[in-house]
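Q:
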Amino acid sequence: MSTLIKNCRLLLNNKVFVKNILIKNGKITKITNKESKAEKIIDAKSNFVLPGLIDCHVHFREPGLTHKEDFLTGSMAAAKGGVTTILDMPNTLPPTTTIEALEQKRRLAAKSIVNYGLIFGAI
Numbered sequence: 000m001s002t003l004i005k006n007c008r009l010l011l012n013n014k015v016f017v018k019n020i021l022i023k024n025g026k027i028t029k030i031t032n033k034e035s036k037a038e039k040i041i042d043a044k045s046n047f048v049l050p051g052l053i054d055c056h057v058h059f060r061e062p063g064l065t066h067k068e069d070f071l072t073g074s075m076a077a078a079k080g081g082v083t084t085i086l087d088m089p090n091t092l093p094p095t096t097t098i099e100a101l102e103q104k105r106r107l108a109a110k111s112i113v114n115y116g117l118i119f120g121a122i
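Here numbering that gives the first Met the number 0 is used: the first residue of the sequence shown is 0, the next is one more, and so on.
So, in structure tokens, the structure goes:
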């Protein structure tokens with residue numbers, strides 16, 4: 000499968016350029032000024048194309064406060080905003096301050112649709 004994302008604004012070496020990105024089998028194979036043939040073509044319309052973002056401070060509130068958010072809903076929102084990795088804070092019920100609580104949270108985090116890390120709290 001090949002995809003061409005054309006008319007992308009890219010930040011390269013502290014300068015902004017409008018380029019085309021060719022992706023083959025899930026990997027970027029070319030960044031060029033020329034338009035390449037591809038099975039799928041996406042016009043970025045001069046929007047910026049960025050790598051996946053990392054949010055190093057999220058509160059997905061699981062366990063104990065899932066009426067606010069959980070790993071599934073929080074990670075879905077993160078992905079919609081271009082975030083591909085999150086680090087979840089330990090202020091849950093119970094707080095993530097023991098190995099047992101960390102293991103419980105690790106099991107709950109498995110439903111995340113983005114990469115995740117868990118921050119362990121100290122008392």
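By construction, the Cβ of each residue, glycine as well, lies at the ideal position given by its N, Cα and C atoms.
1) Return yes when the Cβ of Thr91 is within less than 8 Å of the Cβ of Phe119, no when it is not.
2) When the Cβ atoms of the stretch 73 to 88 are set against those of the stretch 97 to 114, are three or more pairs found closer than 8 Å?
3) Could you say which of Ile27, Lys44 and Ile53 lies nearest to Ala77 if we only look at CA atoms?
4) To the nearest angstrom, how far is it from the Cα of Cys55 to the Cα of Met75?
5) Which one of Asn46, Ser45, Lys23 and His66 has the shortest CA to CA distance from Ala37?
6) Excluding the 5 residues preceding and the 5 following Arg105 in the sequence, name in chain order all residues of the same chain whose CB lies nearer than 8 Å to its CB.
7) Let me check understanding here. Comparing Cα to Cα, which of Pro62, Gly73, Asn6 and Lys67 lies closest to Ala100?
8) Between the C-alpha atoms of His143 and Phe47, what's the straight-line distance to the nearest angstrom?
9) Locate the beta strand (DSSP E) running through Gly73, then write down its first and last residues.
10) If you follow the beta strand (DSSP E) that Lys26 is in, where does it begin and where does it stop?
A: On the basis of the coordinates in this document:
1) Going by C-beta atoms, Phe119 is not nearer than 8 Å to Thr91.
2) In this structure the stretch 73 to 88 touches the stretch 97 to 114; the number of beta carbon pairs closer than 8 Å is three or more.
3) Nearest option by C-alpha distance: Ile53.
4) One Cα belongs to Cys55, the other to Met75, and the distance between them is close to 16 Å.
5) Checking every option, the nearest Cα to that of Ala37 belongs to Lys23.
6) These residues qualify, in order along the chain: Leu117.
7) Ranking the options by Cα distance to Ala100, first place goes to Pro62.
8) The question about residue 143 has no answer here: the residues shown for the chain are numbered 0 through 122.
9) Here Gly73 belongs to no beta strand (DSSP E); instead the alpha helix (DSSP H) covers Phe70 to Lys79.
10) Unbroken beta strand (DSSP E) run through Lys26: Lys26 to Thr31.
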